[in-house]
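**Q** Starting off with a structure, shown below.
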Amino acid sequence: MRYYNSDFAPNNNLDTLQNYSKDFFGPGEVLIGGTIDEFRTVSNEKTSFDIMYGVSDRVNWKMVIPYYTIQQDRSWEWNSNDIAGYSEWYQYHTNAKAGLEQVLSDTSLQDPFLDKIQAVYDKLYTRESDYSVLWALENGSDPISSGIYGEGYDPYFVSDTAGITLGQLMDFYWPQSRTVKGIGDIIVGLNFRLFGNPSWKTNEPGLELYTGLDIKIPLGATLTKYTVSSSTFPNSPTQVKQLPLGDGVTVWRFYLNGAWKRIVDRRIFTIQWYFENGISSKESLYAPVNFLGTSFMHHDSTIILIGEKYLYRKGYQMRSEILANYELFPSILSTWAGLNVYWKNRDEFISENNKWNSWMSHHDGYDTQQISFYIKGGIKYHNMNPIKRIFPLLFELEIDGFAPIFIRNQYRLYGVRVIFTTYLQNW
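Just so you know, we're using our numbering here: the sequence shown kicks off at 754 and counts up by one.
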């Protein structure tokens, strides 16, 4: 370019061209990126079938079978990082490209030196070149949002010359709406009465104490293997449309609970407490394939990085609850209020890549360690007393609500529920 500006241009009455000696960004690397803010809303409908069997006067066997209908909707926002010096760089290369095109389009010029000018143009301003800056010129200061070029970044397998936008990537890996239905993880366990008279047998004042062991069996559906076929595109693979209905691991839960009753103004006042801790097994699950946490936008690269499967262990968890219950009208109407506390350790992930393991466990703005404090309360109608009931069917109708007072790394849930419970008994 020095020869062109000093000799060739003056001899042919041409304007000089940029000599590409100016530095806009300094000696360090230039990072092009930003942050994705994702917003999710989840609707979770649960129907639970609870089965209890009295093995003896002191031992009860139970099974809980949940059925879920879950819908998740999501939206997202992309905030790109500012690139210092980009505006000056853009103007410089826009002028340089236009200058080269003007020279190369002049048919009156006949000189072997023009082949070198063409080589400069091909190297910098054609998409096929490994040194091309055309993508940055066409996509502005936010190239990730505008379009990323290269088959290695494109899950649609289009071509190197077709850009894939961030919006297309997000829609490919995270459909805007997902709905699943099915049975979740079931619970099987035994409950042992250690002390006192059981509530179902008598309303006499006193202390009751129970302990128990549950096994949470992973029957709920988890993510299936990520598979790609020619019929998949341009639609997303099946895995990305799924939501897990279970954790995929066996959880052993040990608990201690009890109640203390007394009579106040001929009405039963009860304080109930519950403490539970859970220990998870380590299980092999199919890896969730997406570009977050891997720095790869193509599923083949993600699978190679992580592996087709990974080992997962749910963090140690503890739950406790205390409730106070008071009869407004004996054997007919009662009200209650209480506090629920939940704490869980970080989950453990073991794959082929330690960085991904750590990212899945916790990263900026996300953590699998969870803490929550909820207040709750409700009112319950009892149609159980053989003298006071108004229908022959035994049932309880309850309206309750809950709200968080402290949440960490969980959805902040507010709720009002209507619960209808009926009983089928046999001896």
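Cβ coordinates follow ideal geometry from the N, Cα and C atoms, glycine included. Predicted, not measured: the structure shown is a model, and the values here were computed from it.
(1) Starting from residue 1140 and walking both ways along the alpha helix (DSSP H), at which residues does that stretch end?
(2) What does the alpha-carbon distance come out to for the pair residue 884 and residue 773?
(3) Between residue 958 and chain C, is the shortest Cβ-Cβ distance under 7 Å, so that the two count as touching?
(4) Contact defined as beta carbons within less than 8 Å: I believe residue 998 pairs with residue 935. What is the distance between those atoms, to the nearest angstrom?
(5) Around the C-beta of residue 1143, are 16 or more other C-beta atoms found within 10 angstroms, so that it is buried, or is it exposed?
(6) In the DSSP assignment, the alpha helix (DSSP H) including residue 925 goes from what residue to what residue?
(7) Quick one: is residue 846 buried, meaning 16 or more other Cβ sit within 10 Å of its Cβ, or exposed?
(8) Per the contact definition of three or more C-beta pairs closer than 8 Å, is the region 1130-1150 in contact with the region 1159-1167?
(9) So is residue 786 buried or exposed if we call it buried at 16+ other beta carbons inside 10 Å?
(10) Provide the residue span of the alpha helix (DSSP H) that contains residue 845, from first to last.
(11) What's the call for residue 756, buried or exposed, on a 16-neighbour Cβ count within 10 Å?
(12) Taking one C-beta from the region 1073-1087 and one from the region 1017-1029 each time, how about it: are there three or more such pairs within less than 8 Å?
(13) Taking the Cβ atom as the reference point for each residue, do residue 945 and residue 812 lie within a distance shorter than 7 Å?
(14) Taking all protein chains shown into account, do 16 or more other C-beta atoms lie within 10 angstroms of the C-beta of residue 917, making it buried, or fewer, making it exposed?
(15) Excluding the five sequence neighbours on either side, which residues of its own chain have a C-beta within less than 7 Å of the C-beta of residue 1019, listed in chain order?
(16) Determine the direct distance from the alpha carbon of residue 842 to that of residue 850, and round the result to whole angstroms.
(17) What does the alpha-carbon distance come out to for the pair residue 877 and residue 886?
(18) Report buried or exposed for residue 799, applying the criterion of at least 16 other Cβ atoms within 10 angstroms of its Cβ.
(19) Do you know how far the Cα of residue 855 is from the Cα of residue 839?
(20) Which residues in the same chain as residue 1069 place their Cβ atom closer than 8 Å to its Cβ, once the five residues preceding and following it in sequence are excluded?
(21) Looking at residue 1063: is its Cβ nearer than 7 Å to the Cβ of residue 1040?
(22) Using a Cβ-Cβ cut-off of 7 Å (strictly less than) and excluding sequence neighbours within five positions of residue 1037, which residues of its own chain qualify?
(23) According to DSSP, simplified to helix, strand and coil, what is residue 974?
(24) Can you round the beta-carbon distance between residue 1206 and residue 1101 to whole angstroms, since I take them to be within the 8 Å contact cut?
**A** Quick answer:
(1) Note, residue 1140: premise wrong, no alpha helix (DSSP H); not H, not E.
(2) Spanning the two alpha carbons is a distance of roughly 14 Å.
(3) The structure shown contains no chain C, having only a single protein chain.
(4) Contact flag correct, Cβ pair sits at about 5 Å.
(5) Under this definition residue 1143 is an exposed residue.
(6) That run of the alpha helix (DSSP H) goes 919-926.
(7) Burial is judged here by how many other beta carbons sit within 10 angstroms of a residue's own beta carbon; residue 846 has at least 16 and is buried.
(8) No, they do not touch.
(9) By the 10 Å Cβ count, residue 786 comes out exposed.
(10) Looking at the DSSP string, the run of the alpha helix (DSSP H) that includes residue 845 is 839-857.
(11) By the 10 Å Cβ count, residue 756 comes out exposed.
(12) Taking a cut-off of 8 Å on C-beta distances, the region 1073-1087 touches the region 1017-1029, as three or more cross pairs fall below it.
(13) Closer than 7 Å, so yes.
(14) Classification of residue 917: buried, given that the 10 Å Cβ count is 16 or more.
(15) Excluding sequence neighbours, residue 1019 sits near 1083.
(16) In a straight line, the C-alpha of residue 850 is about 12 Å away from that of residue 842.
(17) If you take the alpha carbons of residue 877 and residue 886, they lie about 6 Å apart.
(18) It is exposed - the Cβ of residue 799 has fewer than 16 other Cβ atoms within 10 Å.
(19) C-alpha separation (whole angstroms): 24 Å.
(20) Short of 8 Å from the beta carbon of residue 1069, and not among the five residues preceding or following it, lie these beta carbons of its own chain, in chain order: 1030, 1031, 1032, 1033, 1097, 1098.
(21) A contact, by the Cβ cut-off of 7 Å.
(22) The beta carbon of residue 1037 sits closer than 7 Å to those of 1062, 1064, all from its chain and outside the five residues before and after it, given in chain order.
(23) Residue 974: coil per DSSP, three-state reduction.
(24) The question about residue 1206 has no answer here: the residues shown for the chain are numbered 754 through 1180.
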